[in-house]
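Undergrad:
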Amino acid sequence: MAEDDKTGGSPCCGPQGGRGDSAARRVDSGTRPQALSALAVKHQEVLIPAGTFSMGDAYGEGYPADGEVPVHEVRLDSFRMDTTAVTNKMFAAFIAASGYQTEAELYGSSAVFHLLVDTAKEDILGLAAGAPWWVNIRGADWAHPGGRNTSSETVPDHPVVHVSHNDALAYCQWTGRRLPTEAEWEYAARGGLAGRRYAWGNELHGLAGQHLCNIWQGQFPVSNTSEDGYLGTAPVRSFAPNAFGLYEVSGNVWEWCSDWFDPAYYGHSPEANPPGPRKGTTRIMRGGSYLCHSSYCSRYRVAARSSNTSDSSSGNCGFRTVSVSAS
Ligand SMILES: [Ca+2]
């Protein structure tokens, strides 16, 4: 395990951008009617029943700086959640109808994992400090996930990536939906299984040794044997859903939640429908990604937390949404 990760840093989860605040404000609703959204983007969702659960890491396996403890009781109202992360096809419909420009497009670059870069040499702008497997690539964005020589049109059913928290909020604004709170996300991801390590139980692999999520196999970050079938993102619904019918809540891509991150929050959060801290500097991400490996970052555990600045984007973070109306 690298020192950064022992101390709670998360350079495998995504490099921090720090590009400055540029809140979602670029939805061009003047020329493209909002009504298009209902036709262009279909959200398959399931009802997550109201209930109470124990939130947090019951195994003492989390990184102290992540604040996965204390385990505490949380009570939630019911809500309806996307069964999958928002896909490239869904996001493309949003872009086409709204004219929105993502932050990666505005800034002209985004972070691509080094083994997934496919672009001209002059587009390689630099390596992330302390995490040289993250390469800042000119022209990398949601439509070009590995750089200019790649296109999300070839992988329409993969989760959209290179979307910042601000971009996710813009998508939610346009579709009339919202991001889940962190508590909603963990409750939904647990699928009704109490106190388990993963979304499906306590063992990483199935009884026959099969892979149950898209993470890293091999030596991070240089050699990925891709035994689970995927070096980068997998199509949504590649692995079995959890008991609530949610696909890929572990691995594949990180998912933005609405909460600010505060490692001390679990110690004083309200029991009912916790909304997250009132303020912060980074936003919660959940679920881990195709870069997670037990030797380095086991944040595919269902209690695991990470965060990044609101304007950061990378090739391993996307989001799923929930309905704004109650069940
Ligand atoms: Ca994989």
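Counting from 13, one number per residue, gives the positions in the sequence shown under my numbering. All residues carry an ideal CB built from backbone N, CA and C; glycine is no exception.
What distance in whole Å lies between the Cβ atoms of residue 251 and residue 226, which are believed to be in contact at a cut-off of 8 Å?
TA: Numbered from its first residue, the sequence shown carries residue 226 at position 214. Numbered from its first residue, the sequence shown carries residue 251 at position 239. Yes, residue 226 and residue 251 are in contact; Cβ-Cβ is about 7 Å, under 8 Å.
Undergrad: Taking any heavy atom of ligand 1 as the mark, which residues have a C-beta closer than 5 Å to it, listed down the chain?
TA: The filter returns 226, 240, 242, 302, in chain order.
Undergrad: If contacts are defined as beta-carbon pairs under 8 Å, then residue 153 and residue 117 qualify, I think. What distance do you get, rounded to the angstrom?
TA: Taking the sequence shown and counting its residues from 1, the one referred to as residue 153 is at position 141. Taking the sequence shown and counting its residues from 1, the one referred to as residue 117 is at position 105. So it is a contact: roughly 5 Å between Cβ atoms.
Undergrad: Please state whether the Cβ-Cβ distance between residue 174 and residue 228 is less than 8 Å.
TA: As a first step, residue 174 is located in the sequence shown; it is residue number 162 there, counting from the start. As a first step, residue 228 is located in the sequence shown; it is residue number 216 there, counting from the start. No, they are not a contact pair.
Undergrad: Just the Cα atoms here: how many angstroms apart are residue 289 and residue 126?
TA: Within the sequence shown, the letter at position 277 stands for residue 289. Within the sequence shown, the letter at position 114 stands for residue 126. Cα to Cα, the separation comes out at about 34 Å.
Undergrad: Quick test of the definition: if touching needs 3 or more C-beta pairs under 8 Å, does the segment 119-136 touch the segment 102-110?
TA: Short answer: they don't touch.
Undergrad: How about residue 135 and residue 160: are their beta carbons less than 8 Å apart?
TA: Here residue 135 refers to the residue found at position 123 when the sequence shown is read from its first residue. Here residue 160 refers to the residue found at position 148 when the sequence shown is read from its first residue. Their beta carbons are under 8 Å apart, which means residue 135 touches residue 160 by this criterion.
Undergrad: Using three-state DSSP, classify residue 298 as helix, strand or coil.
TA: Position 286 of the sequence shown, counted from the start, is the residue given in the question as residue 298. Strand, per DSSP.
Undergrad: Can you tell me whether residue 271 is buried or exposed, with buried defined as 16 or more other CB within 10 angstroms of its CB?
TA: Mapped onto the sequence shown, residue 271 falls at position 259. Under this definition residue 271 is a buried residue.
Undergrad: Considering only residues of the segment 133-201, which uninterrupted alpha helix (DSSP H) runs meet the minimum length of 4 residues and lie entirely inside it, listed in chain order?
TA: 177-187, all fully within the segment 133-201.
Undergrad: Could you work out which residue in 280, 295, 327, 315 is closest to residue 301 when comparing CA atoms only?
TA: What you label residue 301 is simply residue 289 of the sequence shown in a count that begins at 1. Ranking the options by Cα distance to residue 301, first place goes to 327.
Undergrad: Taking Cβ positions, are residue 298 and residue 266 nearer each other than 8 Å?
TA: As a first step, residue 298 must be located in the sequence shown, where it is residue number 286. As a first step, residue 266 must be located in the sequence shown, where it is residue number 254. Yes, the pair counts as a contact, with Cβ atoms nearer than the cut-off.
Undergrad: I'd like the list of long-range same chain contacts for residue 207, defined as Cβ closer than 7 Å, with 5 residues on each side in sequence excluded.
TA: What you label residue 207 is simply residue 195 of the sequence shown in a count that begins at 1. Correct list, in chain order: 66, 70.
Undergrad: Among the residues of its own chain, which have a CB less than 8 Å from the CB of residue 140, if the five just before and after it don't count?
TA: What you label residue 140 is simply residue 128 of the sequence shown in a count that begins at 1. Cβ within range, chain order: 23, 27, 123, 146, 147, 148.
Undergrad: What would DSSP say about residue 280, mapped onto helix, strand or coil?
TA: As a first step, residue 280 must be located in the sequence shown, where it is residue number 268. Note: residue 280 maps to coil in three-state DSSP.
Undergrad: Alpha carbons only, please: which of 294, 186, 197, 80 is nearest the one belonging to residue 278?
TA: Position 266 of the sequence shown, counted from the first residue, corresponds to residue 278. The shortest C-alpha separation from residue 278 is found at 80.
Undergrad: Just confirm the distance between the C-beta atoms of residue 201 and residue 314, as a whole number of angstroms; I'd bet it's less than 8 Å.
TA: To locate residue 201, count along the sequence shown from 1; it is residue 189. To locate residue 314, count along the sequence shown from 1; it is residue 302. That belief holds up - the Cβ atoms of residue 201 and residue 314 are roughly 5 Å apart, short of 8 Å.
Undergrad: DSSP puts residue 65 in a beta bridge; with which residues?
TA: Walking along the sequence shown from the start, residue 65 turns up at place 53. Answer is 86.
Undergrad: Taking 8 Å as the cut-off, decide whether the C-beta atoms of residue 92 and residue 335 are in contact.
TA: Residue mapping note: residue 92 aligns to position 80 of the sequence shown, counting from 1. Residue mapping note: residue 335 aligns to position 323 of the sequence shown, counting from 1. It is a contact, given that the beta carbons lie within the stated cut-off.
Undergrad: Please report the residue range of the beta strand (DSSP E) in which residue 123 lies.
TA: By 1-based counting over the sequence shown, the position of residue 123 is 111. It spans 121-125 - the beta strand (DSSP E) in which residue 123 sits, taken as one unbroken run.
Undergrad: So what's residue 337 in DSSP terms, helix, strand or just coil?
TA: The residue labelled residue 337 in the question sits at position 325 within the sequence shown. Residue state, collapsed to three classes: coil.
Undergrad: State the beta-bridge partners of residue 231 as determined by DSSP.
TA: Locating residue 231 in the sequence shown gives position 219, counting from the first residue. Paired residues: 235.
Undergrad: Where does the unbroken alpha helix (DSSP H) through residue 110 begin, and where does it stop?
TA: As a working note, residue 110 is residue 98 in the sequence shown. From DSSP, the alpha helix (DSSP H) with residue 110 extends over 100-110.
Undergrad: Measure the alpha-carbon distance for residue 238 versus residue 307 and round it to whole angstroms.
TA: As a first step, residue 238 is located in the sequence shown; it is residue number 226 there, counting from the start. As a first step, residue 307 is located in the sequence shown; it is residue number 295 there, counting from the start. Those two C-alpha atoms are separated by around 15 Å.
Undergrad: Should residue 74 be labelled buried (16 or more other beta-carbon atoms within 10 Å of its own) or exposed?
TA: What you label residue 74 is simply residue 62 of the sequence shown in a count that begins at 1. It is buried - the Cβ of residue 74 has at least 16 other Cβ atoms within 10 Å.
Undergrad: Count the other CB atoms within 10 Å of the CB of residue 59; is the residue buried (16 or more) or exposed (fewer)?
TA: The residue given as residue 59 occupies position 47 in the sequence shown. Exposed: under 16 other Cβ atoms inside 10 Å.
Undergrad: If you follow the beta strand (DSSP E) that residue 320 is part of, which residue opens it and which one closes it?
TA: Translated into the one-based positions of the sequence shown, residue 320 becomes position 308. Looking at the DSSP string, the run of the beta strand (DSSP E) that includes residue 320 is 318-320.
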